[in-house]
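For reference, the structure discussed in these notes is given below.
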Amino acid sequence: MFCYQCEQTAKGSGCTRIGVCGKQPDVAALQDLLVYALQGFSQVAVEARKNHVASGGEGAFTCRALFSTLTNVNFDAARFVPMLNEVVERRESLKAALAAKGVSPAWHEAARLVPAADMAALVPQGEAVGIENDPETDADIKSLKQTVIYGLKGVAAYADHAEILGQENPALYEAVEGLLADTLRTDMDLGAWVQRALDCGNANIMAMELLDAANTGTYGHPVPTEVPLGATQGKAILVSGHDLKDLDMLLQQTEGTGINIYTHGEMLPCHGYPELKKHEHFHGHYGTAWQNQLKEFAAFPGAILMTTNCIQKPAESYLGNIFTTGLVGWPGAAHITENGSGKDFSAVIEKALAMPGFAQDEDKGSVMVGFGHNAVLGVADTVIDAVKAGDIRHFFLVAGCDGARPGRNYYTEFVEKVPEDCMVLTLACGKFRFFDKKLGDIGGIPRLLDVGQCNDAYSAVKIATALAEAFDCGINDLPLSLVLSWYEQKAVAILLSLLALGVKDIRLGPSLPAFITPNVLNFLVEKYDLKPISTPDEDLKAILG
Ligand code: FS2
Ligand code: SF4
């Protein structure tokens, strides 16, 4: 196997024997085969759009399948087989419709792929189309091609979440399939590949905007909300991942059962949504970021529901208590499927009732969430006045993923050292490095504002754009600095979006992506002034002068 799509890749260069994340070589091969099949499928889908051949949910399917190959989503080899077969079924039906119109171009080999009949043969088939066997010989083009593919995985994740809540945009699907089809091309120069990477960033803006509309349209705009950490006495279910609808269905199905619902990791911002927080048994937040789940899930005295990334190999002690749903999978963990009219979480509820729950209340303080674009821009006048009066000197967006590798305490230290006349906006699971710090306020506005999940990155873009408008300047002229941490492919998509918006001077850590070659990095440094993080003191000094 060879995989270097995430930040924790082995030795900073690539996982070759087994994934640091726990991905086995067979799953790696099946994921590579699925991506290859989707590249071919996209070539056919692009042709179908061009020829007005009716589409039956191809875009949504492409995104769903691509999302399942994102880091820490699905580790269950068996689940990839029906997906591969579905790619081929859908592809062949589009081809037949095209042929009926007299359109039968020379399809790429990927668009003619026939998956082997059994697992033993599928694995070598996947290995043959892995990154190491990519016929592309130009290292920089290969780097940009993989950047586009990884960015598209992030876009697909956002599009899938939006689709689950009924929000779709044909232009977004067209962009995803167009770009995925382009990744099969061998006739594009470096400039064209850079443009594709920026196009991927633009597609991601569309996806994030759609997801924002889906989340806020369904559950209301998040409002500032105090969330208790710790626990309350009684039976309990812990919900991790990112999916709001799964949480909503579970809240409804546990109403009146006496079970309290807790969020874990990226589900924390769910407490700010009016239509979710209205449930009295939606108690609070338990634990921190994804990479701490082994310890935190093992200590949780109730059932656990994993709705999306990031799942880790469950310890034996809680394998019987953890349930996956949606695209998440772990072999041996019980999986809750969609049954046409929703999901039936009774197995999760029964498990929670059979488990001891919390014997007593545990008070571990609280944190504030709910500072999405609507809440922040609702006090925009106060913020603008405070900047003009010199009370707020600078804004820092300290955002992105958390992870297990050392070096991430940079972000804790950075936030601790931000001067008192500066504000910190944050989003995604990287915030757990500092989310419970009491940073006080400036003129009644909390200095630490939790904008939401990684899925809410659009909120930060919207806040920055609105501030730039208010100050009649560009985003790069605002007293705003972006200090980002990356781990998986949604972060790649967000970075590409920021570059597509022309945002400069971003600091990125804890290490730079292994799939970026020195030449591509030089280009990003020269054109966008992108820089790796150094030390909190040095970076703060450089930013604030
Ligand atoms: Fe965090 Fe993991 Fe949110 Fe990423 S929970 S690193 O894949 O999606 O951010
Ligand atoms: Fe390695 Fe990351 Fe790929 Fe997992 S997803 S195999 S940790 S590079």
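The opening position of the sequence shown corresponds to residue 89 in my numbering, with each subsequent residue numbered one higher.
Built from N, CA and C at the ideal position, the CB exists for glycine as well.
Continuous alpha helix (DSSP H) stretch holding residue i: start and end
{"i": "Asp-469", "result": "468 to 476"}
{"i": "Arg-595", "result": "Run containing Arg-595: none in the alpha helix (DSSP H); it sits in the beta strand (DSSP E), 595 to 597."}
{"i": "Phe-155", "result": "146 to 155"}
{"i": "Pro-316", "result": "Run containing Pro-316: none in the alpha helix (DSSP H); it sits in the beta strand (DSSP E), 313 to 319."}
{"i": "Glu-262", "result": "258 to 270"}
{"i": "Leu-158", "result": "Run containing Leu-158: none; DSSP gives neither H nor E here."}
{"i": "Glu-504", "result": "497 to 505"}
{"i": "Leu-253", "result": "From DSSP, Leu-253 is part of no alpha helix (DSSP H); its letter is neither H nor E."}
{"i": "Ile-678", "result": "In the structure as shown, the chain starts at 89 and stops at 633, and residue 678 therefore has no counterpart that could be examined."}
{"i": "Gly-214", "result": "207 to 216"}
{"i": "Asp-336", "result": "332 to 342"}
{"i": "Leu-583", "result": "577 to 588"}
{"i": "Ile-551", "result": "545 to 558"}
{"i": "Phe-90", "result": "Run containing Phe-90: none; DSSP gives neither H nor E here."}
{"i": "Cys-387", "result": "According to the sequence shown, residue 387 is Ala rather than Cys. 381 to 387 is the span of the alpha helix (DSSP H), which, as asked, contains Ala-387."}
Residue i vs residue j beta-carbon contact at 9 angstroms
{"i": "Val-549", "j": "Leu-513", "result": "no"}
{"i": "Asp-238", "j": "Gln-541", "result": "One detail in the question is off: residue 238 reads as Tyr in this sequence, not Asp. No, they are not a contact pair."}
{"i": "Leu-210", "j": "Val-169", "result": "yes"}
{"i": "Gly-318", "j": "Tyr-406", "result": "no"}
{"i": "Ala-185", "j": "Ala-136", "result": "yes"}
{"i": "Val-282", "j": "Phe-611", "result": "yes"}
{"i": "Asn-543", "j": "Leu-299", "result": "yes"}
{"i": "Gly-145", "j": "His-196", "result": "no"}
{"i": "Leu-338", "j": "Ile-349", "result": "yes"}
{"i": "His-309", "j": "Ala-125", "result": "no"}
{"i": "Ile-347", "j": "Ala-440", "result": "yes"}
{"i": "Ala-188", "j": "Val-115", "result": "no"}
{"i": "Thr-159", "j": "Cys-109", "result": "yes"}
{"i": "His-423", "j": "Gly-430", "result": "no"}
{"i": "Ile-219", "j": "Leu-278", "result": "no"}
{"i": "Met-296", "j": "Ala-545", "result": "yes"}
{"i": "Glu-251", "j": "Arg-167", "result": "no"}
{"i": "Thr-97", "j": "Val-123", "result": "no"}
{"i": "Gln-213", "j": "Leu-335", "result": "no"}
{"i": "Ala-581", "j": "Gly-305", "result": "no"}
{"i": "Ala-487", "j": "Ile-480", "result": "no"}
{"i": "Gly-491", "j": "Ser-547", "result": "no"}
{"i": "Asp-287", "j": "Leu-267", "result": "yes"}
Whole-Å CB distance - residue i paired with residue j, under 8 angstroms assumed
{"i": "Arg-595", "j": "Ile-621", "result": "5 angstroms"}
{"i": "Glu-265", "j": "Gly-458", "result": "With a Cβ gap of about 36 angstroms, Glu-265 and Gly-458 do not count as contacting."}
{"i": "Arg-521", "j": "Tyr-499", "result": "5 angstroms"}
{"i": "Gln-341", "j": "Ile-437", "result": "7 angstroms"}
{"i": "Ser-599", "j": "Gly-100", "result": "6 angstroms"}
{"i": "Ala-37", "j": "Glu-354", "result": "Examination of residue 37 is not possible in this model, given that the chain is present from 89 through 633 alone."}
{"i": "Val-134", "j": "Leu-182", "result": "Actually they are not in contact, since the Cβ atoms of Val-134 and Leu-182 sit about 10 angstroms apart, beyond 8 angstroms."}
{"i": "Val-236", "j": "Arg-284", "result": "5 angstroms"}
{"i": "Ala-302", "j": "Gln-255", "result": "4 angstroms"}
{"i": "Leu-326", "j": "His-352", "result": "5 angstroms"}
{"i": "Ala-552", "j": "Leu-568", "result": "6 angstroms"}
{"i": "Pro-444", "j": "Pro-389", "result": "5 angstroms"}
For residue i, the first and last residue of its enclosing beta strand (DSSP E)
{"i": "Met-511", "result": "510 to 515"}
{"i": "His-371", "result": "370 to 373"}
{"i": "Asn-348", "result": "348 to 351"}
{"i": "Ser-328", "result": "324 to 328"}
{"i": "Lys-138", "result": "It is not in any beta strand (DSSP E) - Lys-138 instead sits in the alpha helix (DSSP H) that spans 113 to 138."}
{"i": "His-482", "result": "482 to 488"}
{"i": "Met-171", "result": "It is not in any beta strand (DSSP E) - Met-171 instead sits in the alpha helix (DSSP H) that spans 165 to 188."}
{"i": "Leu-570", "result": "568 to 573"}
Helix, strand or coil at residue i according to DSSP, with G and I counted as helix
{"i": "Asn-290", "result": "helix"}
{"i": "Asn-427", "result": "coil"}
{"i": "Phe-611", "result": "helix"}
{"i": "His-359", "result": "helix"}
{"i": "Ile-631", "result": "helix"}
{"i": "Lys-401", "result": "coil"}
{"i": "Gly-453", "result": "strand"}
{"i": "Asp-82", "result": "Outside the shown range of the chain (89 to 633) lies residue 82, about which nothing can therefore be said."}
{"i": "Asp-228", "result": "helix"}
{"i": "Ile-530", "result": "strand"}
{"i": "Leu-537", "result": "strand"}
Buried versus exposed, by CB contacts within 10 Å (16 or more), residue i
{"i": "Cys-561", "result": "exposed"}
{"i": "His-140", "result": "exposed"}
{"i": "Val-591", "result": "buried"}
{"i": "Thr-395", "result": "buried"}
{"i": "Gly-518", "result": "buried"}
{"i": "Glu-384", "result": "buried"}
{"i": "Glu-215", "result": "buried"}
{"i": "Ala-377", "result": "buried"}
beta-carbon residue i near the ligand COA non-hydrogen atom, thresh 8 angstroms
{"i": "Lys-99", "result": "Of the ligands this structure carries, namely the ligand FS2 and the ligand SF4, none is the ligand COA."}
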